[in-house]
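K.L.:
First, the structure itself, so that you have it in front of you.
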Amino acid sequence: MSMTRQAEPAVTPPPAPGPKANDGRTTRRTPARRLLARPEVGVFLGVVVVLVFFLIAAPPMRDSSSMANILYQSSTIGIMALPVALLMIGGEVDLSAGVAVVTSALTASMLAYQLSMNIWVGVIAALAVSLAIGMFNGWFLMKTGLPSFLVTLGTFLILQGINLAVTKTVTGNVATDDISDMDGFAQAKALFASSFEVGGVQVKITIVWWLVFAALAAWVLLRTKYGNWIFAVGGNKESARAVGVPVTFTKISLYMLVGFGAWFVGMHQLFSFNTVQSGEGVGQELIYIAAAVIGGCLMTGGYGSAIGPVFGAFMFGMVQQGIVYAGWNPDWFKAFLGVMLLGAVLINLWVQRTATRR
Amino acid sequence: MDRSSQNRPRRIAPFVAVAAAAALTLAGCSSGSGGKKAEEGGGDGASAGKANTPQMTVALVTHQAPGDTFWDIVRKGAEAAAAKDNVKLIYSADPNAGNQANLVQNAIDQKVDGIAVTLAKPDALKSVLGKAEKAGIPVVGLNSGLSDWKDLGLLEFFGQDESVAGEAFGKKLNEVGAKNTVCVIHEQGNVGLTQRCDGLKKTFEGNTQILNVNGVDRPSVKSTITAKLKQDSSVDYVATLGAPFAPTAVQSVGDAGSKAKVATFDLNKDLTKAIKAGDIEFAVDQQPYLQGYLAIDGLWLYKNNGNYSGGGEQPVLTGPAFVDKSNVDAVSEYAAKGTR
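Read top to bottom, the protein sequences are chains D and P. Under our numbering, think of the first position of the first sequence as 660, with each following residue one higher. Under our numbering, think of the first position of the second sequence as 136, with each following residue one higher.
In structure tokens:
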């Protein structure tokens, strides 16, 4: 018809009369819409709503030291919620994450104490044990093809039993001995459980570590090849493998990352409280998973972010402490917590639907 | 070709090797202070020789949750008595009442010579205890069930009602001049813990507030108590219901910049140190070792001499015994062994 059409390749079909060139699938959404489609935006709005709510309902929460307290509680959940979220994006769950924290702390404490060695021997041995647990979870999963729910439920029970039985056998009690007077304790405490002052407020170091790990996780997820692999194996394992993604490596390493998180939180608990109770940690795995899900990670894998779980953990810490700051009837504590969390997830869902609606 | 998936996993191995090597390197540096070497050795609890009576089998079935220090001490008392009395002790526990009933049934099926049982939820155990009676197996109660053991046809009872301990605690708080107490429940919905707080509330003349914390997550316990102290700065006493939570409460008091004092139910090794140091004011001890010991010893006495303490009418009380700065020295030696 015109000269310009000749410049185009001959194979180009004539413009089809059916679907318009702009059928919505290729439209560039407005910047606001695109922002809303990010996994962490829903939880961010939820956090803002809950924060404003508690700032009104609970006057003691307006104090900056209260915020430091909430952030501390959030950080101990958040440090674990990060690797748990990455694992979830990678399409798997880890039910052993809660007791694995205690396993790590018990290993470090008992090894150093029983052999009367420098604390750091225990700390490093605990890291090896934690990574080995993660490696086992991942390896067993890939080797057998069983669902991760089953594999890690098994590990959860094994670790729970080992925590109790080994502690009882080694120490004669169900709690470990106080290690606060041993060599290396002060340094380890400085690294894992110290606090510093900012404007007259005591800030726990776990908050710093939490944010550092979150930044690192966000960078890995969005800017590295490994980050792409995580999304790929969580989206569709077989197609990922077909395009050359090392599925086995990615999954095993994700479980080891959870192991690293368990080690870190375990060390914090050990150096913060000097002793460890062998029965602790049960049920915490669900809180980590909840923080990741509230943070916008899908339980089916392939979708999520590293920043979302940060807000998820913060939401959890804020609701948990906010109820106390508000001075509400404690009998309702868990019910309040549940209602708040469901509310947060609903906001999350609504934001995502609004954002992706055409 | 999926090369990388085969190469990558091997890269984990050197990392583990490095960690292991580092651990071995560090193995050279032993700790100059603390650790097991610094602790003095000692036997595990009291020993009073061994009876020459024929061996009998006794089942101890409790409602212990896994990893609880308190029940560990009960069990140690029971084991010490079993060793002395030539008793083969079968220990089992489940916090779920239905499961506990099954464990009692299991003991009946094994045709044991005696059963010692805790009655945290008496109704759930009613029918299975009837079966034990039918089978002619003597049953004693311990720890929980002060108001129910007679109705359920038990031979004798060793323990202390949780509300009695709570009431004693409340009276002690009056003595030390407390005005506003927070009672920290580390397991929401636990009957015994609720009774302790209720008992405390009954006798304490000041204001009592209940606080629920997540007992399996120590950082969360710490933050929540801190939050409570910030919310109500007039709190002058924090009462924890389990020994491990008291030192955590002390940290919370520090974090909140509060002047509140900490007192607790139950005792352990670290607590005696803290009481000595003045970090914790007092602990009310129901002597769990005694409960375990007397329950097994009671069954042995019944079988070999027909005795039963309290004549089937009155319980044998094991507490409340207070441990504070005035008597902590006498107790700490035993607490160090994990028997007080």
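For every residue, glycine included, the Cβ atom is placed at its ideal position computed from N, Cα and C.
(1) Just to confirm my understanding: we take residue 842 (chain D), look at its own chain, exclude 5 residues before and 5 after, and list those with CB closer than 6 Å. What are they?
(2) Rounded to the nearest angstrom, what separates residue 769 (chain D) and residue 781 (chain D) at their Cα positions?
(3) Could you check which residue in P:358, P:305 and P:255 has the C-alpha nearest to that of residue 336 (chain P)?
(4) Establish whether the CB of residue 993 (chain D) and some CB of chain P are separated by less than 8 Å.
(5) Taking the straight line between their C-alpha atoms, what separation do you get for residue 380 (chain P) and residue 350 (chain P)?
(6) Can a CB atom of chain P be found closer than 8 Å to the CB of residue 923 (chain D)?
(7) Is the CB-CB distance between residue 407 (chain P) and residue 373 (chain P) below 8 Å?
(8) For residue 299 (chain P), which residues from the same chain have a beta carbon less than 6 Å from its beta carbon, with the 5 sequence-adjacent residues on both sides left out?
(9) Cβ closer than 8 Å: which chain D residues qualify as neighbours of residue 363 (chain P)?
(10) Return yes when the Cβ of residue 840 (chain D) is within less than 8 Å of the Cβ of residue 168 (chain P), no when it is not.
(11) Alpha carbons only, please: which of D:694, D:708 and D:728 is nearest the one belonging to residue 391 (chain P)?
(12) Under a three-way DSSP split, which group does residue 332 (chain P) fall into?
(13) Could you tell me how far apart the beta carbons of residue 873 (chain D) and residue 969 (chain D) are, in whole angstroms, since I believe they sit closer than 8 Å?
(14) Please work out which residues of its chain come closer than 7 Å, Cβ to Cβ, to residue 765 (chain D), disregarding the five sequence neighbours upstream and downstream, and give them in chain order.
(15) Between which two residues does the beta strand (DSSP E) holding residue 474 (chain P) run?
(16) Name the one or two DSSP bridge partners that residue 689 (chain D) has.
(17) Please confirm whether residue 838 (chain D) has its beta-carbon closer than 8 Å to some beta-carbon of chain P.
(18) I need the boundaries of the alpha helix (DSSP H) containing residue 258 (chain P), first residue and last residue.
(19) Does the segment 309-326 of chain P come close enough to the segment 702-714 of chain D to have 3 or more Cβ pairs within less than 8 Å?
(20) Per DSSP, residue 846 (chain D) forms a beta bridge with which residues?
(21) By a C-beta neighbour count over all protein chains shown, 10 Å radius and 16 as the cutoff for buried, is residue 920 (chain D) buried or exposed?
(22) Do residue 813 (chain D) and residue 367 (chain P) have their beta-carbon atoms positioned less than 8 Å apart in this structure?
(23) Within 8 Å of any Cβ in chain P, is that where the Cβ of residue 1053 (chain D) sits?
(24) Going along chain D, which residues have a C-beta under 8 Å from residue 358 (chain P)?
(25) Between the C-alpha atoms of residue 331 (chain P) and residue 756 (chain D), what's the straight-line distance to the nearest angstrom?
(26) Nearest by alpha-carbon distance to residue 924 (chain D): which of D:786, D:692, D:773 and D:771 is it?
(27) Could you compute how far the alpha carbon of residue 900 (chain D) sits from the alpha carbon of residue 963 (chain D)?
(28) Looking only at its chain, what residues have a beta carbon closer than 6 Å to the beta carbon of residue 280 (chain P), apart from the 5 residues adjacent to it on each side?
(29) Can you tell which of P:359, P:293, P:411 and P:394 has the C-alpha that lies nearest to the C-alpha of residue 726 (chain D)?
P.N.:
On the basis of the supplied data:
(1) 777
(2) In a straight line, the C-alpha of residue 769 (chain D) is about 8 Å away from that of residue 781 (chain D).
(3) Closest in C-alpha terms to residue 336 (chain P), from the list P:358, P:305 and P:255, comes P:305.
(4) yes
(5) 8 Å
(6) no
(7) no
(8) none
(9) 983
(10) yes
(11) With distances taken between Cα atoms, residue 391 (chain P) lies closest to D:728.
(12) helix
(13) 5 Å
(14) The residues 822, 826, 835, 935 and 937, in chain order, have a CB closer than 7 Å to that of residue 765 (chain D) in the same chain once the five nearest residues on each side in sequence are set aside.
(15) Note, residue 474 (chain P): premise wrong, no beta strand (DSSP E); not H, not E.
(16) Looking at the DSSP assignment, residue 689 (chain D) forms no beta bridge with any residue, so it has no partner.
(17) yes
(18) 257-269
(19) no
(20) Answer is none; residue 846 (chain D) lacks a bridge partner.
(21) buried
(22) No, these two residues do not count as a Cβ contact at 8 Å.
(23) Residue 1053 (chain D) lies beyond the stretch modelled for chain D, which goes from 660 to 1017, so this question has no answer here.
(24) 728, 729, 731, 732, 976, 979 and 980
(25) 33 Å
(26) D:786
(27) 21 Å
(28) 254 and 257
(29) P:359
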